[in-house]
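Asks:
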Amino acid sequence: MRLPSHLRLKHASDFARVREKGASYAGKYLVLGVLKDENVAEFGYGLITGRKLGIAVKRNRIRRLLREIVRAHRAEIAPGWHFVVIGRWRAAGATLQDLERDWLKLAKRLGILIAPTAQPAT
RNA sequence: CGGUCCAGCCGGAGUGAUCGCUGGCCUUUGAACCGCAAGGGGAGAGGGCGAGAGGAAAGUCCGGACACCACAAGGCAGCAUGCCAUGCGCAAGCAUGGGGGGCUUGGUGCAAGCCAGGUUCACAGACAGUGUCACAGAAAACAAACCGCCUCCGCGCAAGCGAAGGCAAGGGUGAAACGGCGGAGUAAGAGCCCACCGCCCCGACCGUGAGGAAGGGGGCACGACAAACCUCAUGCGGUGCAAGACAGAACAGGGGAAAUGGCCCGCCUGGCCGCAAGUCCCGCCCGCAAGGGUGGGAUGGAUAGCUCCGGGUAAUAGUCGCGCGGCCGUCGCAAGACGGAGGCGGUUCGGUCGCUCCGAACUGACAGAUAAAUGAUCACAGCAAGGUGCCGCGAGGCAUUGAGACACAGAAUCCGGCUUAUGAAGGCUGGACCACCAU
RNA sequence: GCGGGUGUAGCUCAAUGGUAGAGCGGGUGCUUCCCAAGCAUCAUACGAGGGUUCGAUUCCCUUCACCCGCU
12 MRLPSHLRLK HASDFARVRE KGASYAGKYL VLGVLKDENV AEFGYGLITG RKLGIAVKRN
72 RIRRLLREIV RAHRAEIAPG WHFVVIGRWR AAGATLQDLE RDWLKLAKRL GILIAPTAQP
132 AT
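Read the first sequence against the working numbering and you will find it ends at 133, with the numbers running on by one and no gaps.
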């Protein structure tokens with residue numbers, strides 16, 4: 012499963028629109044903000060890793076892990092959504108599994124997955 | 001001889017497979033759009049090949065390249081640097097060696113001190129000037145005398161008190177007290193005198209130089225701080241890739257200010273040497289007073305500013321504010337550096353420097369993102385805290401096991417330095433220690 | 001990326017190189033039948049490390065943290 016760069020949100024206006032008009036929910040490590048937008052064919056994602064997460068190396072690592080999570084679940088994400096993933100300060104010491112579990116919980120709760128509440132997992 | 005540990009410096013983090021990310025080249029396909037058509041066009045997608053973070057990429061503490069702005073020249077102000085030699089460098093700075101000072105260890109000496117080793121130093125100048133040196137203490141920078149010491153006189157039986165004079169040895173304070181130890185000398189003392197040492201001045205001679213120094217003179221007067229102001233020498237125009245260039249989009253191609261004037265030139269080298277503040281002096285008024293008001297004079301007049309005036313600039317323009325809109329794309333941006341030869345320009349006519357052209361060879365290098373590319377998973381290996389066993393007199397070592405953990409840290413115009421961070425293995429230097437042997 | 005600034009008590013701020021203060025807050029005691037107010041008293045700090053100096057919050061260097069501005 013690939014993850015081309017044209018799916019990324021790149022303009023401050025996109026982030027501002029999700030922030031002001033969309034819904035959001037906070038987990039332990041992440042905050043997920045979403046906005047329905049029927050004009051996009053697939054979806055658009057943005058990542059925010061602020062200074063609270065630490066030095067540049069740590070911020071880069073968190074961003075790469077988050078991108079890997081989005082890539083792994085690309086097929087499950089319903090089309091027509093803009094969403095922004097924001098790392099909270101606790102994410103600085105988290106593993107990929109921690110972040111993935113947190114992200115799935117938030118994504119189900121906000122309903123951007125294809126089969127939101129069908130399978131109760133294991 | 002055998003073996004450990006510590007510190008500093010260098011070093012710069014294993015291999016493979018699968019999936020994924022960002023550029024480059026090749027290739028296949030090919031949307032919008034133009035065209036009657038042929039065709040043009042190339043967004044996007046697939047495949048292949050190859051490349052893809054550092055020694056500090058970090059902090060932004062210095063310097064340079066480069067870009068724009070300003071600019072006659074010089075001075076002032078401001079900032080930076082500061083022992084010497086050599087080498088490298090455009091510079092900042094770095095390396096090696098040397099000189100001098102501080103601290104410390106050892107030797108020597110009664111001591112003061114001297115010598116040697118180690119270590120460290122932002123190490124120009126305190127005989128240009130100004131300033132500071134709290135507390136304590138008699139006295140803190142030029143001399144002086146608190147407790148004291150001594151002589152003589154007076155009073156007193158005496159202890160002692162008072163007056164005159166001499167002295168600076170001892171005590172005490174302090175970070176620092178105007179040479180040190182010993183002797184001679186004296187009423188007591190004193191470089192007053194003497195030996196040794198220190199200090200100051202001159203200094204043959206030695207050294208490229210910083211500087212060293214035989215010897216002579218002085219009886220000693222000369223404190224510290226310049227990372228206080230400052231003085232001397234040398235250097236420096238300002239802003240920074242968010243520099244800057246191009247192409248677009250959007251909004252309101254909007255409004256305000258301007259000749260007794262607007263804006264710019266850090267200040268001066270133009271003028272009246274024009275004002276204000278501040279300081280000092282004098283008069284008057286108010287007030288119990290502290291003080292306040294006012295007039296005149298002197299200083300000050302720059303380190304804030306104002307004014308006259310000088311220079312520059314100006315109407316579909318320019319300048320300075322306000323408001324509004326945008327904040328996207330391309331370039332800058334990564335293939336450039338050095339050396340040699342020829343030509344031209346300039347020159348202090350030697351070299352160097354600038355520009356252009358031609359030719360040849362060698363070396364090194366070859367990330368270029370922009371909400372910002374290096375990641376994920378699996379397997380194997382390595383180091384190692386800990387556990388167990390064994391070996392060794394001992395410091396300790398070896399074997400095995402080993403869940404988890406795997407240094408500091410991420411390019412953002414580029415380069416050079418500085419500083420800071422840093423658990424791999426490995427290497428270099430220095431120090432300490434253990435065991436044995438010999439003395 | 002570039003440029004600038006600030007760190008003093010729990011909070012807000014002072015302080016010529018010479019013992020670190022003020023206000024609010026906190027603790028204890030007194031006062032009151034109790035509380036408030038008041039009075040007395042106590043504790044608490046120069047971001048960190050070096051250097052210069054007899055002596056550093058102050059001067060110099062390095063470092064850490066925080067804040068602001070610039071398309």
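Note that CB positions come from ideal geometry on N, CA and C, so glycine has one too.
1) So, helix, strand or coil for ALA34, using DSSP?
2) Grab the span of the alpha helix (DSSP H) containing LYS47 for me, first residue to last.
3) Measure the C-alpha to C-alpha separation of ARG82 and TYR56 and round it to an integer number of angstroms.
4) Which residue wins for smallest C-alpha separation from ALA118, given the options ILE73, LEU77 and LEU43?
5) Taking the beta carbon of VAL68 as the centre, do at least 16 other beta carbons fall within 10 Å, making it buried, or is it exposed?
6) Which first and last residues belong to the alpha helix (DSSP H) in which ILE125 is found?
7) Quick check on TRP100: buried or exposed, where buried means 16 or more other Cβ atoms within 10 Å of its Cβ?
8) Going by DSSP in three states, ARG78 sits in which element: helix, strand or coil?
9) Given a cut-off of 8 Å on the beta-carbon distance, is the pair LEU115 and LEU76 in contact?
10) Reducing DSSP to helix, strand and coil, say where HIS93 ends up.
11) Run through DSSP, which three-state label would ARG13 get?
Replies: Considering the structure as presented:
1) strand
2) Segment 41-47 is the beta strand (DSSP E) holding LYS47; no alpha helix (DSSP H) there.
3) 11 Å
4) LEU43
5) exposed
6) Here ILE125 belongs to no alpha helix (DSSP H), and DSSP marks it neither H nor E.
7) exposed
8) ARG78: helix per DSSP, three-state reduction.
9) no
10) strand
11) coil
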